[in-house]
Every structure is written in C-alpha cells, then in structure tokens.
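Notes to accompany the following structure.
Residue numbers (this note's numbering), protein chains in the order written: chain A, -17 to 472; chain B, 2 to 330.
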C-alpha cells in the first residue's frame, strides 16, 4: 500500500454534448443519420453515439460538393483570405480545447492528460502553422524560379486512422486547405466523433460550404472515396496493408498519393547515454498513447554492457505508471482502442513468448470492462522473432542488444519499415553519424515522439512515401506542372 | 517527532568508506574525478520535461489533505537574516509549536532553522517539544572562510544544542575541480557534528549544470552527508523541481549502491501549497515512498507554512479565509 495515494481526479464530461446519432457532413450541412453503427467508449464499452455508414452515393455527393467548392470558391480565393479561415479554425480549436480533449478521450480511450497536452494543442498548432503559409506559397521554394506558381490539385480524399483522430485530421486538412484544395475526409470507423465536432467548427468558422466534407463509415467508405474518379489526390495514414491496397487501386490513374504507414522504430541507447532521461524516452517512445503510434519506439536496442542497468531502471520506472480510467487526470495509460486491436496485441505477445522472449509487466489492476493491456516488456528478443519485426501497435516493448554503433545501425535498418528512430548518447558526433546512417524518416536525438508542425514527418520503405508538416509537407498538396496539363481552375 | 540515529563518524572512517565505494587504495582527487565524471550525464531538456510532467499530477481531496499535513511536518521553518533577534527567533519557535491557533490538530514543522548564535534561544523556546533546531554553519552562506573557522562555527552550534547542522560546500573548490578538498571539508564537518545530523548545502544555483548537481550530490553523500540540500536561499535560482529531481535520483541510486539512505532538502523559493505538493509527488515517484517522511525529506521555507495552513483551513471549512486568519510568525 503506497503512502501517497492519488485520489481520483476525473475530468468532467459535462463540457461536451454528444448527439444520439450523427449524419454525414456534406456541403456545409449534416445529412439525416442513416445506416448507423455505434461508436463505443473503449474504456468501458458503453455506446457513445450512432454514426452513419456512408455509401457510394454519399461519397459521390461529398466529392461533388468538394468539386463545386473548389471550382466556385476555394480554388479561386486568394491565399491571404484562405489563411484567415485557417487562423479562425485554429483559434476555435483552442477555445474549444477542453471539449475536444474530453470527446477524444471518450471515443479513443487515450488518457485525458495526452489529449489535453498533446493531441488538441498540436492540432491547433498545425492550423496556425499552415495558416501562415497560405499566402506565401510562391516563396516556399516549391517550384523552380521563373516557373508557374504552385497550384492546388483540386479535390483531396483523405483517410485517417484511429490513434490520433483529431491530430491526423489536422495534419491532413490544414495543408490541404492552405494550398487551396478542398477535402473529403473519412475518419476511422472506431473514432469518428472528434471529426464530427470539427465539422461544427467549420460551420462556426463560416468556412464556405463543401470545402471540408466529413463522411463516416468503415473500410468500404474509404475504398469508395479512394477509387472515386473525381478525386485528384489521396492522403492516407494507416496500416501498411491498406496503404498497399490504395497504391494498387490508384495505379494507372492520374491521382497523386501520400501514404503514411506502419513502423517498427528502433530506440537506440548507447552506454554513454543520459540513462535516466533515456529511460523516460523509452517510456514515452512505447507507452505514449498505449503504444498505438506508427512511429512508436517499439524496438529498444540497448548496448549490451548497460542492458541490465537500463532494464532495471526501466522496470522500476514502469512501476510508477498509472494505468486506468482515461478521464482521470493522473492516468498515464488508458484503454486499447478496440477489441480487434487488443486481440492483435495479445496474439503477437503470445507469439513472442512462444518464440523465446521473456515477458514482464509491472503490477497493475486493469478495469474489468473495456479493452485493456498492461504495459509490457519483452526481453531476450532476437531479430528473428515476430515481435522484433512486426508492428504490434500496443504497449509492448521488445528489448534487443547490440555491441557497436555499426551493429546498432545494421539492426535498426534491418526492417521492412523506416518511419522513425531514436538515438541516445552524450556524443554529438555519434548522433550525426547515426542520423546519417539510419534509414528512417525521423531520427530523434536524446528525445522521442516529439512533433512539431514545422518538422516534416514521413517514412522510408514500407512506412510509406510523402512528407507531412513543414515546407516539405506542402509539396504533396500542390502541383508545379504547367497549368494546361492540370486544368485546375485558377 | 523526528528521530535521528546517533552514530558518530570520524573523517578517517569516512575516507575509508569512500575508498571502499570507489574501489581504490588511496582517495586522490584523480580517483574522485574519475568516479564523479563516470556517472551518467543528465540531458537538460529531458530532465526538465520529466519534472514538468510530474508537476501536472492532479492531487485532490483526501490525497491533498494528506499531502498538506505531510508537507507541514517536513518544514524546516527558517529565519536567516542579519536582523534576527532573540525576540524574532522566540516568536518563530512559538509559531512552530502552535502553527494554527484555530486548529490544534495542525501538525508541527520538523525543525527551526537559524544562525548558530540563535541555537540556544531556539532550543530553550522549543524545550522538549521534539521540534529540532537546525543551525547553518561553515561561514554560511558563501563558505569563504578557513577550515578552522568553519569547524569552530560548527562546534559552536553543536555545543549550543543544535540537532542538525546545515553546512555549505566550497563551490569554488568544486568548480575548479578540487573534489578532494570538498570531500575533506564535508568529512571534517561531519566529524565535528558528532551526533548532530549533517545537511550539505550544494548551492545548486552556483553549480549551474545538472551534471554538476549530480556530481556534487554523490560527492556529498560519499563524504558522509545525512541530507543533501539545494540552496542557502541567498542565491537565485534556489530550489527548482529539476534540480530536486536529480538529487532524488541520486539518493535513490546511492541507496542501491551502498545500502544507506540519504535525505533531500530543497530550500528557497518554495512558497505555495501547490509547489510543495509537486515536490511530494516527485519524492513519491522518483525516490519512492520511503522518502516521504521528515527523516528523509525537508522543505527549507518560511512563508510556505502559512500557505499550507490556509489550504488546510480551506479543506476543513470549504472556504478560503485569508491572510488575517493565519499568524505571521
């Protein structure tokens, strides 16, 4: 029994109003709900609301609305005017931050401390950042000097995952709107509510009808959107399997695509690392958002001579992690997003143990209802084990060792993925050498899982292509080809 | 009531122990430098981020009540002014004996902290209440005096009845890399303390880097400090959460290494209940609950006590009273 027990400190859910059922947000208005399916709170399995399954006709309507808005208003609007709308959206997100944080936690299962301190503020930051670009695209260095100014593609179809519902929406919508595109966005099946609340924000900001359309549904809706002939560009974040299917389905068309897919990041700890902070980085790398992060530091590569020390420190630290009610302000880990994801985590961990990994979790009491998985460390993992190569997407850390920097690089790069990596050492020259050698889109040095709208994010290899954020992220949403070839209304 | 062990240490004992910890046959400055500089570095950004994240813990209702009473019991109620008089010190002692006249269940602070010449006054005023008298010594706050003077300063306070001695390290020697001098001075002061408890003030505001704070913490523990303390309160910045975090990691790891437990005392600038609770959260989550007692954690503070009392009254009555309802000292 600890001396210092933290009494429950639940955030109130009174601030957010959840409707019984939701329609689709098309052409600036909500349609009447139909063909609904439930979205549940993964922390206790209660139904939060019913949302509509958009069919092919709904996708047609949404794309048509986006096309009209593009040709009639948005594609013709000056960058300065578009920027005003984006600034307005950013401010509204800040003003309604608590509402979004509570709703996101209820629908996703992640702790309120993360939605409050990360998801919502970073989402607002993306809108602020891209609002600033809207009237400066000519000067972003996207086209060769003397060439045409960069122009939007037109209608963008966007499909986003359930791990950061609002933040991924912001990563997608903010650059699309800043560059003059219009959007049809499909949130994940299990986490549609923050996107539907964002639709209200679009109304509140008096964004012209059809510039942003939000359609809910399962994979079939996403497929219909991706395959729609009048969509000019696809932006997808999600699993590598779905990403490959999208790449196949748009092959041979003129559609552009950016894909941000899975990862199996190596978090590499050298013996001269600041060990206490490295342990924090390991925890933040794999237990942030219950490890349901594409760039999670799921493989700990620790130099063999400090393996025991690091693992001992890590285990002690995990003893202080608080797993439980996501609405409690002191919870560090919340619920897994769905039963399907929980099953996947469970089976992969079992496979790891069957292949010889040693499983450890701190003592923690998990709630009886909802989808829960304890923070887990697998030691004695080898490169051939499934838990070292496959993306688990859960609070599970695989621990491997290395002897030399060259071996660390070889092991880190020995992956089908290449989204992110972390390097922990006090030696600056080694950080630079490692960053040069690692085949990963993001390399963090003495930190992990830091996101900023000014910094491009994206992968190598099966982690996808294209970049989001920063000046690089704008490239995916503009064309610099001569205007006669694109037919864009501008 | 605070209990302390009554073992005495000679400087020779402490040097022998230090040789043992370092695994060397002779305690040289070279040996100390290798050992201290072999400690893992501290990443400033990561350390400050961790301290800030612990500061977001939400401590409510019953846990807040527990934290307030625990914090009051950990205060070294301090007056260290050139203008201190017998009257002022007696008044502060009376405050320690009856922190809140409106509520006799209010716990008492752990100690009164004064200059050496006020020890006898404080001792007489506190009687057998169990409240300790701590005295600053060794040419506090700068520490710029010869060793015989520092030792005389210490013995004077001990002979006057001080239960605890708060010494300052020679920051000049530390920053110039003369760790052996710092070690020897602490060990000799420890010997001069006899059975009195020794708190070693590192003046972290003058050490500046977290690497230095970690090294000074280890050096102070190696030389026999019973407590490591951040600051004199006369230099800015005084106690901060990240500095205290480094010190809590140090005492935690020191116990793993040697089996002996050392206390931590942040001092200076901790004024509010909110701040104090952040420190207690940090003690609990970094060092562990073993440190959540006045034997192992203290606050060097003066105005903190009244804010804790105000918050305590608020929890009991549901309403904020105000400065007129707590006694100034």
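Every residue, glycine too, gets a C-beta built ideally from N, C-alpha and C.
Any idea if residue 24 of chain A is buried or exposed, counting beta-carbon neighbours within 10 angstroms, 16 or more meaning buried?
-> buried
With a threshold of 16 other CB atoms inside 10 Å of the CB of residue 221 of chain B, please say whether the residue is buried or exposed.
-> So residue 221 of chain B counts as buried.
Counting pairs of Cβ atoms below 8 Å between the segment 212 to 226 of chain B and the segment 292 to 303 of chain B, do you hit three or more?
-> no
Within the segment 24 to 68 of chain A, note down every full alpha helix (DSSP H) run reaching 4 residues or more, in order along the chain.
-> 38 to 51
Would you mind giving the Cβ-Cβ distance between residue 60 of chain B and residue 313 of chain B, rounded to the nearest angstrom? I have them listed as a contact below 8 Å.
-> Actually they do not touch by this definition, with Cβ atoms about 14 Å apart.
List the endpoints of the continuous alpha helix (DSSP H) containing residue 475 of chain A.
-> Residue numbering for chain A in the displayed model covers -17 to 472; residue 475 of chain A lies beyond these limits and cannot be assessed.
Three-state secondary structure (DSSP) at residue 328 of chain B?
-> coil
For the segment 235 to 252 of chain B, which residues have a beta carbon sitting closer than 7 Å to at least one beta carbon of chain A?
-> 250
According to a CB-to-CB cut-off of less than 8 Å, which residues of the segment 428 to 458 of chain A neighbour chain B?
-> Cβ proximity to chain B below 8 Å picks out 428, 429 from the segment 428 to 458 of chain A.
Using 7 Å as the limit for Cβ to Cβ distance, is residue 157 of chain B near chain A?
-> Taking a beta-carbon distance threshold of 7 Å, residue 157 of chain B does not count as an interface residue toward chain A.
For the candidate residues B:48, B:311, B:54, whose alpha-carbon lies nearest to that of residue 274 of chain B?
-> B:311
Any beta-carbon of chain B closer than 7 Å to the one on residue 312 of chain A?
-> yes
Does the beta carbon of residue 293 of chain B sit closer than 7 Å to a beta carbon anywhere in chain A?
-> yes
Which residue comes first and which comes last in the alpha helix (DSSP H) that contains residue 211 of chain B?
-> 211 to 223
Please name the residue in B:195, B:260, B:330 whose C-alpha comes closest to that of residue 9 of chain B.
-> B:195
Taking 7 Å as the CB-CB limit, is residue -9 of chain A close to chain B?
-> yes
Neighbour flag for residue 160 of chain B against chain A, beta carbons, 7 Å | Chain A contact via Cβ: absent.
So, is the C-beta of residue -15 of chain A closer than 7 Å to a C-beta in chain B?
-> yes
Straight-line Cα distance separating residue 41 of chain B from residue 92 of chain A = 33 Å
Residue 256 of chain A versus chain B: which residues are under 7 Å apart at the beta carbon?
-> 41, 42, 43, 44, 47
Counterpart residues of residue 195 of chain A in DSSP-defined beta bridges | A:166
Which same chain residues, not among the five before or five after residue 0 of chain A, have their C-beta less than 6 Å away from its C-beta?
-> Only 30, 31 meet the Cβ criterion.
With a cut-off of 7 Å, does the C-beta of residue 272 of chain A fall near any C-beta of chain B?
-> no
Check whether the Cβ of residue 62 of chain B lies closer than 7 Å to any Cβ atom in chain A.
-> yes
Check whether the Cβ of residue 242 of chain B sits closer than 6 Å to any heavy atom of the ligand PLP, and report yes or no.
-> The ligand PLP is absent from the structure shown, which contains no ligand whatsoever.
Is the CB of residue 53 of chain A under 7 Å away from at least one CB in chain B?
-> no
If we count the other Cβ atoms within 10 Å of its Cβ and call it buried at 16 or more, is residue 265 of chain B buried or exposed?
-> buried
Residues from the segment 383 to 409 of chain A in contact with chain B, defined by Cβ distance under 8 Å = 408
The alpha helix (DSSP H) with residue 261 of chain A in it runs from where to where?
-> 257 to 269
Thinking just about the alpha-carbon of each residue, which of A:447, A:-9, A:452 is nearest to the one in residue 228 of chain A?
-> From the listed residues A:447, A:-9, A:452, the smallest Cα separation to residue 228 of chain A is found for A:447.
Which first and last residues belong to the alpha helix (DSSP H) in which residue 321 of chain B is found?
-> Counting along the chain, residue 321 of chain B falls outside any alpha helix (DSSP H), and DSSP gives it neither H nor E.
Are there three or more Cβ pairs, one per stretch, closer than 8 Å when the segment 64 to 81 of chain A is compared with the segment 105 to 120 of chain A?
-> These segments touch.
When the Cβ atoms of the segment 89 to 101 of chain B are set against those of the segment 153 to 168 of chain B, are three or more pairs found closer than 8 Å?
-> By the criterion of at least three beta-carbon pairs nearer than 8 Å, the segment 89 to 101 of chain B is not in contact with the segment 153 to 168 of chain B.
CA-CA distance, residue 319 of chain B and residue 62 of chain B?
-> Counting only the Cα atoms, residue 62 of chain B lies some 11 Å from residue 319 of chain B.
Does residue 165 of chain B come within less than 7 Å of chain A when only Cβ atoms are used?
-> no
With DSSP run on the structure shown, which of helix, strand or coil describes residue 347 of chain B?
-> With chain B running from 2 to 330 in the structure shown, residue 347 of chain B is simply not present.
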